[in-house]
Amino acid sequence: MNENFGDGTRVVHAVPGEPGDPFGAQPVFASSYHLGGQDYYGRAGNPTWRALESALGTLEGGECVAFPSGMAAISTLLRTVLSSGDTLVVPSDGYFLTRKFVSEMDVNVVEVPTAGPYPSFDGVRLVLLETPSNPGLDVCDIADLAARAHEAGALLAVDNTTATPLGQRPLELGADLVVASDTKAVAGHSDVLFGHVTAASEELAGRLRDARTMNGAIPGPFETWLALRGLGTLDLRLARQAENAEAVYALLKGRVAGLRWPGAPEDPAYLVAAQQMRRFNGVLTFVLDDVAAVEKFLSRSKLVSAATSFGGLHTTADRRAQFGDPVHEGLVRLSCGCEDTRDLVADVSHALGLD
Ligand SMILES: Cc1ncc(COP(=O)(O)O)c(C=O)c1O
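Note that numbering that gives the first Met the number 0 numbers the sequence shown so that position 300 is 299, with each residue one more than the last.
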C-alpha cells in the first residue's frame, strides 16, 4: 500500500485484488485443509484472519494478530508479556475490565491516571497506556512515555480503541505494542466483537500468535469478515462522527458540567492530542446532575440510545457509573454516530432542554 495515500484510499484498498478475485476477502470457514499449503488447521491459521491482519498491520506499521474480542487481545498480551512477580503500570481511569483482569494476576500493579503524573518506570516490565482514556478522555504523551519506558527496560503498549488505527499510530510514536477492541469503531456496526494486537517486533507477534493457537480463543471467519468489511468505511464513518461530536460539543459548551472532547482546542487534552493524534473521533463525555437527569435525557431523545459500547453507526449514551467505573453517577459517555449533524444537534438540544 502506498504510504502517501489518504485514509479513505487505504481502508478501501486494504485488501488487494487480482483480476477474477472478489472485492474484499471472503470468509473461509474451513477447520481443516488439504495438507501441503499454507493452512492446515483452523485454530492455527485462516486466510480471512490474514487479510484483516495484513490490513490493520499495514495501517499501524507492525505485525497484527487478530483476537475474538478486545479483552481476548488484552488478556493474551498481558499473559504473554508478563511473568509472575513482574510489575505493570495500568491506567487508573481506563477500561475497568483490564484493571480487574490484572488484579487477579500474580503481578504487582501500579495504577496511574492517564493525565499523570507518571512514576519512575525502574523495575517495570510493561507500561500499558490508554489514550484517549475511556471514559474520561484524558490523553498522555505516548512518545515521551515510550522513551522513559525503554530507558528503564520496560515495554510500552497502548490501548488504541478510542483513537482507532486511523486516529493514532502508537508504534510510530515509539510504542512496542498496540492493542484494541475492534468491536467499537473499526467494525463499527454494533454487530460483532473483535480485537487485535499489533506488535513492532515479529518475535513478539509470533509469541502472541502461538498463545492464540494454544489457548484456542480464536476469531470466527465470519466475524473477521464483518470486521474487515467495517474497516472499509472507517474513514467515512469517523469523519461524520467527529463532525457530529464537534457540533454537539459546541451545543453543550458552557451548558453542561465536565464536558470533554480531545478535539476541542479548549479541552485540557487538546495540545498533546493534536500533536500525536492524526484525527479526532465521535466520543465525548459530560456530567449531568444525577441518574434521574440521565434517564430524562435518554427518554426525551429520539436518536440517542442507551448502550454500553461506542464507535457505532448509531449515537449511543452510556452512564458509566452503572458498570462500576469510579466516576460521577451522572457521567455520560456519548458516542456520536453517523446521523445527520443537524438532526443530532436538534435532538440532543431538545432532550437536554436546551432549546
Ligand atoms: C478501551 C477499551 N479496551 C478494551 C475493551 C474490551 O473490548 P471488547 O469488549 O471487544 O472485549 C473495551 C470495551 O469496551 C474498551 O473500551
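Glycine is no exception: its CB is placed at the ideal position from the N, C-alpha and C atoms. No experiment lies behind these values; they were computed from the predicted model shown.
{"query": "Cβ pair residue 135, residue 254 closer than 8 Å", "result": "no"}
{"query": "Residue 175 vs residue 144 beta-carbon contact at 8 Å", "result": "no"}
{"query": "Cα-Cα separation, residue 230 to residue 187", "result": "8 Å"}
{"query": "8 Å CB neighbourhood of residue 407 in its chain, flanking five on each side removed", "result": "Nothing in the structure corresponds to residue 407, since the chain is present only between 0 and 354."}
{"query": "Residue 58 versus 346, 268, 277, 322, residue with shortest Cα-Cα distance", "result": "277"}
{"query": "First through last residue of the alpha helix (DSSP H) which encompasses residue 74", "result": "69 to 80"}
{"query": "Closer than 7 Å: residue 194 CB and nearest ligand 1 heavy atom", "result": "yes"}
{"query": "Where the alpha helix (DSSP H) containing residue 209 begins and where it ends", "result": "201 to 214"}
{"query": "In DSSP terms, what residue 304 is bridged to", "result": "315"}
{"query": "Near ligand 1: residue 110 beta-carbon under 7 Å from a heavy atom", "result": "no"}
{"query": "Same chain, Cβ closer than 8 Å to residue 39, neighbours up to 5 away in sequence not counted", "result": "31, 32"}
{"query": "Endpoints, the beta strand (DSSP E) within which residue 180 is located", "result": "176 to 180"}
{"query": "For residue 7 and residue 339, believed in contact at Cβ under 8 Å, the rounded distance", "result": "Going by Cβ atoms, the distance from residue 339 to residue 7 rounds to 20 Å, so no, they are not a contact pair."}
{"query": "Through-space distance from residue 179 to residue 199, alpha-carbon basis", "result": "15 Å"}
{"query": "DSSP state of residue 360 mapped onto helix, strand, coil", "result": "No answer is possible for residue 360: it lies beyond the span of the chain, which begins at 0 and ends at 354."}
{"query": "Cβ contact (3+ pairs, closer than 8 Å) linking the segment 200 to 212 and the segment 21 to 28", "result": "no"}
{"query": "DSSP-derived helix/strand/coil call for residue 249", "result": "helix"}
{"query": "Residue 96 vs residue 127 beta-carbon contact at 8 Å", "result": "no"}
{"query": "Per-residue burial, residue 148 [other beta carbons within 10 Å of its own, 16 or more giving buried]", "result": "buried"}
{"query": "Other residues of its chain near residue 184: CB distance less than 6 Å, five sequence neighbours each side excluded", "result": "163, 310"}
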